[in-house]
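Numbering (our numbering), first residue to last: 26 to 293. By construction, the Cβ of each residue, glycine as well, lies at the ideal position given by its N, Cα and C atoms. This report concerns only the one structure given below.
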Amino acid sequence: GCTNTQPEVGTTPAAKVLTEPTAHVKGLIEKFALQNVDYAYVKQAIGNGTRSGAKALLIDARPNPKYLGGTIPSSLNIPDTQIDKYIGQLDKVAKDKEIIVFCGGWDCEKSPIVAGHLKSKGFTNVKLYQAGEPEWATKSYLEVGVPVIEAAFNKNSALIIDARPYAMTLKESIPGALYVNDEDMPKLMGRFPADKNTPIITFCAGYECHKSHVVANKLLELGYTKVTVFAGGLPAWKEAKLQTTAGSKPAAPTAAAPKAAAPAAAPA
C-alpha cells in the first residue's frame with residue numbers, strides 16, 4: 026500500500042534499501058512524538074503469537090487486503106483511511122495498554138498517522154515499528170487470512186498443516202491438511218517436506234490457539250523459508266463456509282417445511 030522511495034542516481038531500484046524513515050515520515054513521527062522500536066522488541070512483544078498471548082497490541086495500518094495477505098502475528102487491522110470503521114476493536118482496550126503500530130516500511134506514512142490518531146483518542150502508550158511488515162517478513166513468519174489459505178487450497182500450492190491434537194483432526198479438518206501436532210513434532214518430523222522452499226501454512230483452533238505458531242517457529246528453525254500461519258484456523262475456515270472433512274452441513278429447513286426434531290449437537 027506504500028510506494029517505494031526513488032532510487033539514487035546510478036543505482037537500480039533493487040539497490041536502494043531504506044534503513045530509516047524518509048523525511049516526510051520522520052516529520053510525522055516528530056509531530057506525534059512517537060517512539061520507534063525494532064524487530065527484536067516486536068518479536069518479544071508478540072509473545073506466543075496469539076492475540077491473548079501477546080504482551081503488546083499490534084496494529085497493522087495497511088489496507089485490509091494487504092493485512093489479510095500477510096501481517097505480523099497477533100495484529101489487528103486499522104487502515105489509515107478507515108480508522109473510524111475499524112477503531113471499535115479497541116473499545117475495551119485499556120488506555121495505557123502498549124500499542125505498536127506498523128505498516129509497509131520506512132517510507133510508509135500510514136503507521137504514524139494511525140498512531141497519532143490513537144494518541145488523540147487518549148491511548149498513552151503508543152509506539153511505532155516503522156520497519157514494519159517488509160522487515161518482519163525477512164526475519165520471521167507472517168500471519169495470513171482466509172483469502173491466502175483458500176487460494177493455496179484451491180491451487181494446491183502450499184502444504185497445509187493441522188497442528189491440533191489427532192482426535193480433533195479426525196473429527197474435522199481442512200481437506201488434505203497434514204497432521205503435525207505441536208506436542209508430537211519429534212516423532213513426526215519426517216512428514217516435513219525435503220524441499221525447504223516449499224510454501225507451508227499451519228493452522229489450529231483459532232486466534233487463541235498457539236499450536237500453529239509453535240509448529241511455524243519449529244519450521245523456521247529447521248530452515249524452511251516460506252512459512253505462514255492461518256491464525257483464524259478451522260473456526261475462520263468454517264465461518265467462511267469452506268469445505269471441511271466433516272462434509273457440508275444440511276441446509277436449514279424453510280418456513281414452509283415441516284419441522285423435524287433437531288439432532289443433538291456434537292461436543293465441541
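For residue i, the first and last residue of its enclosing beta strand (DSSP E)
i, result
"Asp85", "Leu82 to Asp85"
"Thr253", "Val252 to Phe255"
Collapsed DSSP secondary structure at residue i in the structure displayed
i, result
"Asn222", "coil"
"Gly208", "Looking at the sequence provided, one finds Glu at residue 208 rather than Gly. In this structure, Glu208 counts as helix in the three-state DSSP scheme."
"Thr96", "strand"
"Glu45", "coil"
"Leu267", "coil"
"Gln60", "strand"
"Lys196", "helix"
"Glu168", "strand"
"Lys9", "Residue 9 falls outside the range modelled here, since the chain spans only 26 to 293, and no answer is possible."
"Asn102", "strand"
"Trp131", "coil"
"Lys68", "helix"
"Glu233", "coil"
"Val75", "One point to set straight first is that residue 75 is Thr, not Val, in the sequence displayed. It is coil, neither helix nor strand."
"Gly272", "coil"
"Ala89", "The sequence as given places Asn at residue 89; Ala does not occur at that position. Asn89: helix per DSSP, three-state reduction."
"Ala177", "helix"
"Lys117", "coil"
"Ala281", "Any reading at Ala281 is ruled out, since the residue's pLDDT is 40, under 50, leaving its predicted position unreliable."
Classification of residue i by the beta-carbon crowding that lies within 10 angstroms, buried from 16 upward
i, result
"Glu160", "buried"
"Asn61", "buried"
"Glu168", "buried"
"Gly141", "buried"
"Asn179", "exposed"
"Ser237", "buried"
"Thr250", "exposed"
"Val42", "exposed"
"Pro104", "buried"
"Glu158", "buried"
Opposing strand residues paired with residue i [DSSP bridges]
i, result
"Asp187", "Tyr204 and Phe228"
"Val126", "Ile84 and Leu153"
Where the alpha helix (DSSP H) through residue i begins and ends
i, result
"Thr240", "One detail in the question is off: residue 240 reads as Val in this sequence, not Thr. Its alpha helix (DSSP H) spans residues Lys236 to Glu246."
"Asp109", "Ile108 to Tyr111"
"Val139", "Lys135 to Ser145"
Cβ-heavy atom distance, residue i to the ligand FMN, below 7 Å
i, result
"Pro224", "Absent from the structure shown: the ligand FMN. Ligands present: none."
When the Cβ atoms of the segment 46 to 56 are set against those of the segment 122 to 133, are three or more pairs found closer than 8 Å?
yes
Hey, is the segment 217 to 231 in contact with the segment 249 to 269, meaning 3+ C-beta pairs nearer than 8 Å? yes
Worksheet item: For the 8 Å Cβ check, are there 3 or more pairs between the segment 185 to 201 and the segment 88 to 104?
Response: no
Checklist entry - Does the pairing of the segment 66 to 74 with the segment 97 to 109 give three or more beta-carbon distances under 8 Å? => result yes
Exercise. Does the segment 108 to 120 come close enough to the segment 266 to 273 that 3 or more CB-CB pairs lie under 8 Å?
Worked result: no
Subject >> Cβ contact check for the segment 115 to 125 and the segment 147 to 156: 3 or more pairs under 8 Å >> reply: yes
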